[in-house]
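Asker: Numbering (the UniProt record's numbering), first residue to last: 1 to 689. Just so you know, even glycine gets a beta-carbon here, dropped at the ideal spot from N, CA and C. Here it is: the structure, laid out below.
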């Protein structure tokens with residue numbers, strides 16, 4: 001314990017932790033894990049004999065040693081969380097008992113003994129049943145309880161891991177795993193998270209341990225593009241005769257129709273499920289916060305709630321229900337503080353943000369730096385393990401490894417492509433110019449890696465340049481001067497882009513040797529325009545989905561693409577199991593977006609071996625983006641996957657280094673497109689020269 005230095009007789013002491021490093025450096029930390037004092041003035045011999053009852057004084061503070069803690073308790077951070085005694089281990093928390101309010105019974109009737117009425121489960125129990133709750137004699141002394149069994153109509157189609165997931169969700173939302181009622185379903189793509197959530201909804205709406213439904217109404221909040229998909233999934237697995245969901249998406253044409261749907265959800269006991277987009281929920285949050293009986297809220301793609309100050313997060317927090325379920329395939333996208341926000345949303349009061357930052361976030365990130373000391377790396381792993389154990393009671397995550405027994409093999413390849421001569425000249429000019437100091441230049445360089453036409457100046461700018469009326473943009477003149485005289489924004493020549501040439505060769509080989517469909521994903525519409533020109537030139541049949549595609553037409557396009565009787569290939573999609581090959585033409589800053597795209601093909605319903613091609617331009621900003629993806633995935637694995645925690649750490653490059661290009665022989669004569677497959681870890685690298 002410690003206090004500020006004073007000559008007073010009676011002093012007020014605070015709890016703290018004294019850390020001795022290298023046998024001579026004394027560091028004082030408060031119970032928030034914040035460093036508040038440091039010295040190296042004490043002799044090492046004096047510190048060796050330091051023990052209970054001894055005193056120290058440094059940094060304007062007086063210290064008195066009460067007891068010694070083990071290195072394990074400090075490295076795991078548990079000493080700051082009041083979870084252990086000075087030298088003891090982690091004591092398991094007692095399992096809370098299910099407490100259900102019982103109806104009032106008059107003791108003036110009969111002999112004063114309450115009449116015990118037998119409650120039978122809604123569905124019979126057999127060897128194939130999915131039993132979520134099975135009462136025991138000690139479950140609740142206040143009244144009889146009954147088993148909760150998943151409706152066999154949906155329970156019989158659940159895979160083993162989905163049965164486990166539904167049981168986990170039920171136990172969390174019913175308070176059987178702890179005081180909180182929220183949880184996070186963080187399975188990777190393609191493991192059937194939607195089906196597990198629908199099973200939970202149907203179960204809570206129809207039954208409970210005391211024989212009555214545990215929830216009167218349920219609310220599903222999802223991105224706009226997935227509202228119809230949710231409706232179709234509910235219809236597919238349960239049928240309209242069991243559960244007819246109400247839907248409000250951005251496509252709601254009239255305000256009167258939306259209000260009518262909201263009123264029906266509020267008043268009708270026969271329409272207990274509302275599927276609504278995040279945007280529409282934000283608009284009608286006040287109305288929904290006043291709807292009685294919403295006992296379950298499910299937030300699909302819940303990583304949107306990573307900002308506690310965002311309006312949508314505050315609106316959802318305004319709902320009174322404690323049963324909050326987040327569905328996300330990427331619980332950790334950028335940093336641990338976003339993860340904390342989601343955890344605290346599900347179970348408010350999980351931990352103070354400042355303490356979380358000092359005890360977990362900062363040590364974990366420091367230890368994953370390639371230049372970290374052995375002590376920092378050890379502390380990082382210990383804190384990661386401690387955080388995983390602290391959250392495992394309300395976070396469940398299974399990886400794609402489970403799919404290997406249900407799906408065909410998957411091969412992932414990273415394709416590094418050389419820039420064309422025009423791309424290389426333009427890239428160097430950008431780096432030499434003062435424009436390279438602006439972060440806005442990053443987007444231009446990313447577009448340039450795909451095709452030069454994406455950064456070609458607009459016609460009106462070209463006219464002004466020719467008239468020399470733009471004196472403030474000398475760099476723009478130099479960039480424009482590098483383009484051929486006859487070049488326009490619609491010049492989609494394939495040979496002007498290294499990646500487009502590689503794509504052309506790849507599609508040609510697939511076309512001549514297989515009958516496979518191909519999905520091509522890009523972040524830029526200009527790149528899709530060039531691909532569309534390529535498909536027309538090669539007489540490839542195709543469909544296209546982008547931001548301009550009307551929401552009402554997207555599902556029809558996807559269904560047509562997946563139809564095995566059609567001969568179409570496509571560009572972007574949702575559940576595109578009709579294809580078994582996907583090309584990620586440019587890497588995304590967020591690895592979760594690329595993972596989602598890959599998950600559209602390799603998922604339930606896929607019958608053929610899958611091939612995933614991840615394109616990147618050699619020696620450019622795309623290599624930096626790919627490096628950042630690997631670093632973010634490593635941080636996520638350190639918290640969510642114990643088996644992959646000790647993997648190699650990779651430092652995230654600062655944004656100021658994103659424009660630095662690695663020296664590369666871009667100007668070398670082009671070689672024929674050839675492939676060399678290198679085995680390595682979970683992915684393979686296809687080097688295209």
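Could you tell me how far apart the beta carbons of residue 599 and residue 342 are, in whole angstroms, since I believe they sit closer than 8 Å?
Answerer: Walking along the chain shown from the start, residue 599 turns up at place 599. Walking along the chain shown from the start, residue 342 turns up at place 342. Contact doesn't hold; Cβ gap of about 20 Å is too wide.
Asker: Give a yes or no on whether the C-beta atoms belonging to residue 217 and residue 294 are separated by under 8 Å.
Answerer: Counted from its first residue, the chain shown places residue 217 at position 217. Counted from its first residue, the chain shown places residue 294 at position 294. In contact: residue 217 and residue 294 (Cβ atoms closer than 8 Å).
Asker: Can you find the residues in the same chain that come closer than 6 Å, C-beta to C-beta, to residue 219, ignoring five residues on each side of it along the sequence?
Answerer: To locate residue 219, count along the chain shown from 1; it is residue 219. Excluding positions up to five away in sequence, the list reads 274, 294, 297.
Asker: Which same chain residues, not among the five before or five after residue 261, have their C-beta less than 7 Å away from its C-beta?
Answerer: Here the question's residue 261 lines up with position 261 in the chain shown. Here the set comprises 246, 248.
Asker: For the candidate residues 614, 546, 531, 354, whose alpha-carbon lies nearest to that of residue 416?
Answerer: Translated into positions along the chain shown, residue 416 becomes position 416. Out of 614, 546, 531, 354, 614 has the C-alpha closest to the C-alpha of residue 416.
Asker: Which residue's Cα is closest to the Cα of residue 365: 36, 504, 634?
Answerer: Sequence index remark: in the chain shown, residue 365 carries index 365 (1-based). That would be 634, whose Cα lies nearest to the Cα of residue 365.
Asker: Can you name the residues that DSSP bridges to residue 57?
Answerer: By one-based count along the chain shown, residue 57 stands at place 57. Paired residues: 62.
Asker: Out of 385, 409, 418, 479, state which residue places its alpha-carbon closest to the alpha-carbon of residue 430.
Answerer: On the chain shown, residue 430 is found 430 positions in, with the first residue counted as 1. The shortest C-alpha separation from residue 430 is found at 479.
Asker: For residue 450, count neighbouring C-beta atoms within 10 Å of its own C-beta (all shown protein chains included) and say buried if the count is 16 or more, exposed if not.
Answerer: Sequence index remark: in the chain shown, residue 450 carries index 450 (1-based). Buried.
Asker: Using the Cβ count rule (16 or more neighbours within 10 Å means buried), how would you classify residue 128?
Answerer: Here residue 128 refers to the residue found at position 128 when the chain shown is read from its first residue. Answer is exposed; the Cβ neighbour count stays below 16.
Asker: Relative to the alpha-carbon of residue 67, which residue among 59, 41, 77, 1 has its alpha-carbon at the smallest distance?
Answerer: Here residue 67 refers to the residue found at position 67 of the chain shown. Among 59, 41, 77, 1, the Cα nearest to that of residue 67 belongs to 1.
Asker: Hey, quick one: how far does the beta strand (DSSP E) through residue 613 stretch, first residue to last?
Answerer: Residue mapping note: residue 613 aligns to position 613 of the chain shown, counting from 1. Looking at the DSSP string, the run of the beta strand (DSSP E) that includes residue 613 is 610-617.
Asker: Please report the straight-line C-alpha distance between residue 649 and residue 368, rounded to a whole angstrom.
Answerer: Counting from 1 along the chain shown, the entry for residue 649 is found at position 649. Counting from 1 along the chain shown, the entry for residue 368 is found at position 368. Bear in mind that the predicted position of residue 649 carries a pLDDT of just 49, short of 50, making it unreliable; the figure below should be weighed with that in mind. If I take the Cα positions, the gap works out to 5 Å.
Asker: Taking residue 27 as the reference, give the member of 61, 5, 53 with the closest Cα.
Answerer: Working through the chain shown from its first residue, we reach residue 27 at position 27. Looking at the Cα atoms, 61 is the closest of the given residues.
Asker: Counting only the same chain and skipping the five closest in sequence on each side, list residues whose C-beta sits under 7 Å from that of residue 658.
Answerer: Indexing the chain shown from 1 puts residue 658 at position 658. Annotation note: pLDDT 49 at residue 658 (below 50); position unreliable, coordinate value reported separately. Within the same chain, residue 658 has close Cβ partners 442, 621, 624.
Asker: Does DSSP classify residue 187 as helix, strand or coil?
Answerer: For the purposes of this step, residue 187 is identified with residue 187 of the chain shown, where counting begins at 1. Residue 187 sits in coil when the DSSP states are folded into three classes, being neither helix nor strand.
Asker: Using a Cβ-Cβ cutoff of less than 6 Å, which residues in the same chain neighbour residue 444 once the five nearest sequence positions on both sides are dropped?
Answerer: Here residue 444 refers to the residue found at position 444 when the chain shown is read from its first residue. Hits under 6 Å: 455.
Asker: Does any residue of chain B bring its CB to less than 8 Å from the CB of residue 80?
Answerer: Absence of chain B from the displayed structure is noted, only one protein chain being present.
Asker: How close, in whole Å, do the beta carbons of residue 616 and residue 587 come, if the pair is a contact with beta carbons under 8 Å?
Answerer: What you label residue 616 is simply residue 616 of the chain shown in a count that begins at 1. What you label residue 587 is simply residue 587 of the chain shown in a count that begins at 1. Indeed they touch by this definition, with Cβ atoms about 6 Å apart.
Asker: Near residue 508, which residues of its chain fall below 8 Å by C-beta distance, leaving aside the five closest residues on each side in sequence?
Answerer: Start at 1 with the first residue of the chain shown, and residue 508 comes out as number 508. Cβ neighbours of residue 508 within its own chain (closer than 8 Å, five residues either side excluded): 538.
Asker: Let me make sure I understand the geometry here. Which of 44, 13, 79 has the alpha-carbon closest to that of residue 32?
Answerer: Along the chain shown, one-based indexing puts residue 32 at 32. Of all alpha-carbon atoms in 44, 13, 79, the one lying nearest the alpha-carbon of residue 32 is that of 79.
Asker: Can you have a look at residue 375 and say buried or exposed, based on whether 16 or more other CB atoms are within 10 angstroms of its CB?
Answerer: By 1-based counting over the chain shown, the position of residue 375 is 375. Its Cβ having fewer than 16 others within 10 Å, residue 375 is exposed.
Asker: Locate the alpha helix (DSSP H) running through residue 311, then write down its first and last residues.
Answerer: Start at 1 with the first residue of the chain shown, and residue 311 comes out as number 311. Looking at the DSSP string, the run of the alpha helix (DSSP H) that includes residue 311 is 311-317.
Asker: Looking at the structure shown, is residue 146 part of a helix, part of a strand, or coil, going by DSSP?
Answerer: The sequence position of residue 146 within the chain shown is 146, counting from 1. Residue 146 falls in the coil class under three-state DSSP.
Asker: Could you work out which residue in 533, 348, 199, 304 is closest to residue 453 when comparing CA atoms only?
Answerer: Here residue 453 refers to the residue found at position 453 of the chain shown. Measuring from the Cα of residue 453, the nearest candidate turns out to be 533.
Asker: Could you check the C-alpha separation between residue 299 and residue 10 for me, to the nearest Å?
Answerer: One-based indexing of the chain shown puts residue 299 at position 299. One-based indexing of the chain shown puts residue 10 at position 10. Roughly 54 Å between the two C-alpha positions.
Asker: On a CA-only basis, which of 70, 214, 63, 388 is nearest residue 322? Give me that one, please.
Answerer: If you number the chain shown from 1, residue 322 lands on position 322. Nearest C-alpha to residue 322: 214.
Asker: Just verifying my parser: in three-state terms, what is the DSSP assignment at residue 72?
Answerer: Here the question's residue 72 lines up with position 72 in the chain shown. Here residue 72 sits in helix by DSSP.
Asker: By DSSP's criteria, residue 277 is part of a beta bridge. Which residues make up the other side?
Answerer: Reading the chain shown from its first residue, position 277 is the one you call residue 277. DSSP lists 222 as the bridge partner or partners of residue 277.
Asker: Could you pull out every residue in the same chain whose Cβ sits closer than 8 Å to the Cβ of residue 3, ignoring the five residues on either side in sequence?
Answerer: Within the chain shown, the letter at position 3 stands for residue 3. So the qualifying residues of the chain are 11, 12, 13, 14, 61, 62.
Asker: Determine the burial state of residue 636: buried for a count of at least 16 other Cβ atoms within 10 Å of its Cβ, exposed for fewer.
Answerer: Translated into the one-based positions of the chain shown, residue 636 becomes position 636. Residue 636 comes out buried.
Asker: Candidates 501, 494, 457, 48: which alpha carbon is nearest residue 485's?
Answerer: As a first step, residue 485 is located in the chain shown; it is residue number 485 there, counting from the start. Cα-wise, what sits closest to residue 485 is 457.
Asker: Alpha carbon to alpha carbon, how far is residue 351 from residue 340?
Answerer: Stepping through the chain shown from its first residue, residue 351 is reached at position 351. Stepping through the chain shown from its first residue, residue 340 is reached at position 340. Rounded to the nearest angstrom, the two C-alpha atoms are 9 Å apart.
Asker: Helix, strand or coil for residue 696 per DSSP?
Answerer: With the chain covering 1 to 689 only, the question about residue 696 has no answer from this structure.
Asker: Quick one: grab the DSSP three-state call for residue 706.
Answerer: What is shown of the chain runs 1 to 689, which leaves residue 706 out entirely.
Asker: Which class does residue 154 belong to by DSSP, given the choice of helix, strand or coil?
Answerer: One-based indexing of the chain shown puts residue 154 at position 154. Residue 154: helix per DSSP, three-state reduction.
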